[in-house]
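Residue numbers (this note's numbering), protein chains in the order written: chain A, 1 to 115; chain B, 1001 to 1111.
We put the beta carbon where it would ideally sit given N, CA and C, even for glycine.
Since this is a predicted model, take the numbers as computed values, not measurements.
This report concerns only the one structure given below.
Below is the structure:
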């Protein structure tokens, strides 16, 4: 299965600033996704990162707040913009191929605290 | 949209005990995946199981797709099994699929 490197692993940011999270996969994958996990909660899909085109956002998430790039089949970034304390969460990158025997793999996550 | 429900929400075990975690889903799905999130937040893939039974050491999983549920069995539990167990269903669309997660079962194994 694919191995995902995600960075930074954690950060403490001031409100009103932005943070960009990077996700690097060790092999070409069809699908890359970004999830948010708020404290004590399950994972919620933010968007699907599409290679060479605009990301597909889930209900409740907008591009201005969470711009996503995916310049190639192994790399994606998520930016959390104009942060507020409510954005404090774990952000996780996921990747996989639809027919993969192993399913979808996750990066180790970025633990974000906004103060 | 599809609903994914896990039970129980919390479980406390003595080391060495066995347990069964359940995942119900409200609609037909293409596949199902079980994860373990350890206390450091890392999400570890346990099983990718559309139907039937798979085993990996002390863990096994069974999915009965026609009845829309999956079970995760943990035998001879160890303290390192503690954490949150998530099931997620795979919804296929276009050229790929996305995961919809249940709310998780928080397991605590006491020595």
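*Return the residue from the list A:47, A:51, A:69, A:72 that minimises the CA-CA distance to residue 61 of chain A.*
A:47
*Based on the DSSP secondary-structure assignment, which residues constitute the bridge partners of residue 1100 of chain B?*
B:1089
*Among the residues of its own chain, which have a CB less than 6 Å from the CB of residue 87 of chain A, if the five just before and after it don't count?*
80, 114
*asked:* Given a cut-off of 8 Å on the beta-carbon distance, is the pair residue 97 of chain A and residue 31 of chain A in contact?
replied: yes
*Can you check the stretch 69-106 of chain A for any beta strand (DSSP E) of at least 3 residues that lies completely inside it and give the ranges in chain order?*
75-80, 89-96
*asked:* So if DSSP puts residue 1064 of chain B in a beta bridge, which residue, or which two residues, is it bridged to?
replied: B:1069
*Report the residues of the stretch 1020-1033 of chain B with a CB closer than 8 Å to any CB of chain A, ordered along the chain.*
1031, 1033
*Buried or exposed: residue 1057 of chain B, going by 16 or more other Cβ atoms within 10 Å of its Cβ?*
exposed
*Confirm, please, whether the CB-CB distance from residue 1063 of chain B to residue 1049 of chain B is below 8 Å.*
yes
_Contact with chain E by residue 1083 of chain B, beta-carbon distance below 8 Å_ = The structure shown contains no chain E; its protein chains are A and B.
*Chain-ordered neighbours of residue 53 of chain A on chain B, where CB pairs are closer than 7 Å*: Within chain B, no residue comes near residue 53 of chain A; the closest Cβ sits about 12 Å away, beyond 7 Å.
*Segments of 4+ residues assigned as alpha helix (DSSP H) that fall wholly inside the stretch 1011-1042 of chain B*: none
*Exposed unless 16 or more other CB atoms sit within 10 angstroms - verdict on residue 1001 of chain B*: exposed
_Range of the contiguous beta strand (DSSP E) that encloses residue 1004 of chain B_ = 1004-1007
_Range of the contiguous beta strand (DSSP E) that encloses residue 46 of chain A_ = 43-49
_Let me check one thing: in DSSP terms, what residues is residue 1047 of chain B bridge-paired to?_
B:1034
*With residue 69 of chain A and residue 23 of chain A assumed to form a contact (beta carbons below 8 Å), what rounded beta-carbon distance in angstroms separates them?*
Contact doesn't hold; Cβ gap of about 10 Å is too wide.
*Give, in chain order, every residue of the stretch 13-46 of chain A whose Cβ lies closer than 9 Å to some Cβ of chain B.*
30, 31, 33, 35, 37, 41, 42, 43, 44, 45
*Would you check if the distance between the CB atom of residue 56 of chain A and the CB atom of residue 50 of chain A is smaller than 8 Å?*
yes
*Roughly how far, in whole angstroms, is the beta-carbon of residue 1088 of chain B from the beta-carbon of residue 1074 of chain B, given that I think they are within contact range, below 8 Å?*
With a Cβ gap of about 18 Å, residue 1088 of chain B and residue 1074 of chain B do not count as contacting.
_Rounded to whole angstroms, what is the Cα-Cα separation between residue 1109 of chain B and residue 1013 of chain B?_
5 Å
*Hey, does residue 1102 of chain B have any beta-carbon neighbour from chain A nearer than 8 Å?*
yes
*Please determine, among A:111, A:112, A:110, A:94, the residue with the shortest C-alpha to C-alpha distance to residue 26 of chain A.*
A:94
*Would you mind working out which of B:1019, B:1041, B:1040, B:1004 sits nearest residue 1033 of chain B, comparing C-alpha positions?*
B:1004
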